[in-house]
Amino acid sequence: MFTDSVELTVSSGKGGQGCVSFRREKFVVNGGPNGGDGGKGGDIWFKCDNNTHTLSHFQKKMHIKADNGAQGESSNMTGKSGEKKVIIVPPGTQIVDMESGEVIFDMLKDGQEELFITGGRGGLGNTHFKSSTKQRPTYAQPGEKGETRVIKLEMKLIADVGLVGFPNVGKSTLISTVSNARPEIANYEFTTLTPKLGQVNIGDFESFIMADIPGIIGGAHEGKGLGIQFLKHIERTKILLFMVDLASYRDLKEQIETLKAEVAAFSDTLAQSGYAIALTRADIVPPEQVNKLVNGFLETIGVKATKNDEAGFDDSMPYYIQKSPDETLGYDKTLPYFVAPISSAINKNIEPLKYALFNLVQVNRYSK
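Under the numbering used here, the first residue of the sequence shown is numbered 1, with each subsequent residue one higher.
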């Protein structure tokens with residue numbers, strides 16, 4: 001079961017109590033106090049681990065506690081410190097304070113460790129309280145209490161490219177074609193019920209991560225459908241690939257405007273991401289109809305079909321692509337980086353799409 005948000009109560013350990021003890025040895029005169037200190041309570045840590053992909057293992061652990069420190073012992077022996085509690089979370093998890101709403105930590109890298117709350121200090125043993133006027137102290141300090149916090153763990157997937165489209169538009173088919181992801185694919189809406197990540201390989205040494213989320217419908221930001229609750233999983237992405245259906249009864253411009261409006265209603269930051277448009281199902285629409293639809297759509301967004309041999313798109317169908325972006329000049333984010341008809345079923349324009357997206361990924365990774 002995919003779980004991307006849980007509420008937890010976490011407590012650090014209580015410090016151990018100091019010891020009241022006196023030296024009692026044969027032939028030793030005036031032994032005096034020798035009670036040791038209590039051990040320190042255990043800390044609460046968070047650790048990011050690539051081998052964890054969901055928060056479902058927290059559902060039955062609503063209160064996580066670190067160990068308490070042990071009581072001090074005689075002969076000035078300090079009690080054992082409580083074991084720290086390390087909470088393992090997947091990459092992309094935010095630790096949010098429930099009271100203030102503040103994001104305390106953003107766990108992004110495998111192996112990242114963060115100290116959250118420290119355990120209580122151990123109490124002092126009675127040896128600390130002896131003096132010239134009080135040579136037989138009969139008391140010791142109790143250990144400090146640990147700290148308790150109520151938090152929310154919220155996971156946001158980390159991807160380079162996020163797929164956005166209406167239900168049953170071909171997002172799952174595309175990600176299964178270009179990456180190692182294997183989502184369920186069927187001819188009905190809302191086949192995708194949970195986000196999916198896939199690694200898209202470019203040659204032997206380069207790759208980028210693509211994220212697929214459930215389809216979005218008009219009014220999603222008001223709670224309709226499934227997609228809005230998962231839009232947070234592409235909130236970290238710098239590039240959006242809007243997928244628009246050539247075979248839909250909806251007008252192409254209407255589709256893209258609806259999708260962009262829903263994204264903007266969810267996040268201003270996400271709305272300002274660079275984007276491209278893939279016009280899907282080019283295999284089931286007659287070629288002359290594809291040409292008419294694509295040219296008409298390009299005209300509505302104020303661009304003209306282009307030919308760019310370096311882009312590699314099929315010249316038998318119209319497409320638009322900006323000049324290859326670079327780290328200095330970038331590209332015009334007010335316009336799509338490319339608009340191209342594709343078909344995952346027959347691999348039409350799929351390879352050029354991969355490389356065009358990779359160009360954008362490179363710019364966003366390395367530009368300042």
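For every residue, glycine included, the Cβ atom is placed at its ideal position computed from N, Cα and C.
For residue i, count neighbouring C-beta atoms within 10 Å of its own C-beta (all shown protein chains included) and say buried if the count is 16 or more, exposed if not.
i, result
"Val103", "exposed"
"Asn50", "exposed"
"Val363", "buried"
"Phe27", "exposed"
"Asn30", "exposed"
"Ile117", "buried"
"Thr237", "buried"
"Ala356", "buried"
"Gly302", "exposed"
"Gly32", "exposed"
"Lys232", "buried"
"Asn180", "exposed"
"Asp160", "buried"
Distance check for residue j and residue i, CA to CA, integer angstroms please.
i, j, result
"Leu279", "Ser343", "8 Å"
"Ser5", "Glu235", "15 Å"
"Gly225", "Val86", "Since pLDDT at Gly225 reaches only 48, below the 50 mark, its modelled position is unreliable, and the value read off the structure follows with that caveat. Going by the C-alpha atoms only, they are around 37 Å apart."
"Pro90", "Thr52", "5 Å"
"Tyr337", "Tyr275", "6 Å"
"Arg136", "Val20", "10 Å"
"Asn349", "Ile88", "41 Å"
"Lys60", "Val10", "13 Å"
"Ala70", "Gly18", "9 Å"
"Gln112", "Lys47", "6 Å"
"Asp110", "Ile158", "12 Å"
"Ser131", "Tyr139", "13 Å"
"Phe358", "Ile202", "8 Å"
"Lys354", "Val178", "7 Å"
"Pro286", "Val200", "30 Å"
"Thr127", "Ser100", "43 Å"
"Ile321", "Met155", "34 Å"
"Ile370", "Leu8", "Residue 370 is absent from the model: the chain starts at 1 and stops at 368."
"Gly79", "Arg23", "18 Å"
"Thr3", "Asp67", "27 Å"
"Leu240", "Lys333", "11 Å"
"Ile44", "Lys196", "31 Å"
"Glu25", "Gln141", "25 Å"
"Asn34", "Gly119", "25 Å"
Is residue i helix, strand or coil when you go by DSSP?
i, result
"Asn359", "helix"
"Gly219", "Annotation note: pLDDT 49 at Gly219 (below 50); position unreliable, no value reported."
"Val10", "strand"
"Glu122", "Residue identity check: residue 122 is Gly in the sequence provided, not Glu. Residue state, collapsed to three classes: coil."
"Val339", "strand"
"Ser176", "helix"
"Ser157", "Ser is not the amino acid found at residue 157; the sequence shown has Leu there. Of the three classes helix, strand and coil, the one that applies to Leu157 here is coil, per DSSP."
"Asp4", "coil"
"Pro352", "helix"
"Asn291", "helix"
"His57", "helix"
"Ala247", "coil"
"Phe297", "helix"
"Phe381", "This structure gives no information on residue 381, because the portion of the chain shown stretches from 1 to 368."
"Thr269", "helix"
"Leu381", "Limits of the chain in this structure are 1 at one end and 368 at the other, which puts residue 381 out of reach."
"Ala311", "coil"
"Glu257", "helix"
"Val263", "helix"
"Asn364", "helix"
"Ile284", "coil"
"Phe208", "strand"
Thinking just about the alpha-carbon of each residue, which of the options is nearest to the one in residue i?
i, options, result
"Met77", "Ser56, Gly111, Ser100 and Gly39", "Gly39"
"Glu73", "Gly36, Lys85 and Lys60", "Gly36"
"Asp106", "Leu293, Glu114 and Gln94", "Gln94"
"Tyr319", "Gly198, Gly302 and Ala340", "Ala340"
"Arg149", "Asn168, Leu115, Ser12 and Arg121", "Ser12"
"Ile277", "Asp110, Ile321 and Phe242", "Phe242"
"Pro167", "Lys333, Ile158 and Asp212", "Asp212"
"Gln289", "Asp251, Leu246, Asp309 and Lys253", "Leu246"
"Pro352", "Gly101, Asp309 and Ala345", "Asp309"
"Asn347", "Leu335, Phe313, Lys333 and Thr334", "Phe313"
"Leu55", "Asp283, Gly92, Gly165 and Leu124", "Gly92"
"Leu153", "Arg121, Leu115 and Met98", "Met98"
"Asp283", "Ser273, Ala345, Pro214 and Val244", "Ala345"
"Gly123", "His63, Ser81, Gln255 and Tyr249", "Ser81"
"Ser75", "Ala311, Gly125, Leu115 and His57", "Gly125"
"Gly162", "Thr306, Gly42, Leu270 and Ile64", "Leu270"
"Asn291", "Ser316, Leu108 and Thr306", "Ser316"
Counting contacts by CB-CB distance shorter than 9 Å, is residue i in contact with chain B?
i, result
"Ile342", "Given the protein chain composition of this structure (a single chain), no chain B is represented."
Please determine whether the Cβ atom of residue i lies at a distance below 8 Å from any heavy atom of the ligand FAD.
i, result
"Lys85", "With respect to small molecules bound, the structure shown includes none, and the ligand FAD cannot be examined in it."
Flag this pair as touching only if the stretch 171 to 181 and the stretch 139 to 147 have three or more C-beta atom pairs under 8 Å; answer yes or no. Because the criterion of three Cβ pairs below 8 Å is not met, the stretch 171 to 181 and the stretch 139 to 147 do not touch.
Across the stretch 349 to 362 and the stretch 195 to 209, are there enough close Cβ pairs to call them in contact, namely three or more that are closer than 8 Å? A contact exists between the stretch 349 to 362 and the stretch 195 to 209.
Touch check for the stretch 288 to 299 and the stretch 259 to 273: three-plus C-beta pairs under 8 Å? Three or more Cβ pairs closer than 8 Å define a contact, and the stretch 288 to 299 falls short of that threshold against the stretch 259 to 273.
Check whether the stretch 312 to 326 and the stretch 255 to 262 are in contact - that is, three or more C-beta pairs closer than 8 Å. As far as the Cβ criterion goes, the stretch 312 to 326 does not touch the stretch 255 to 262, which means the pair count is below three.
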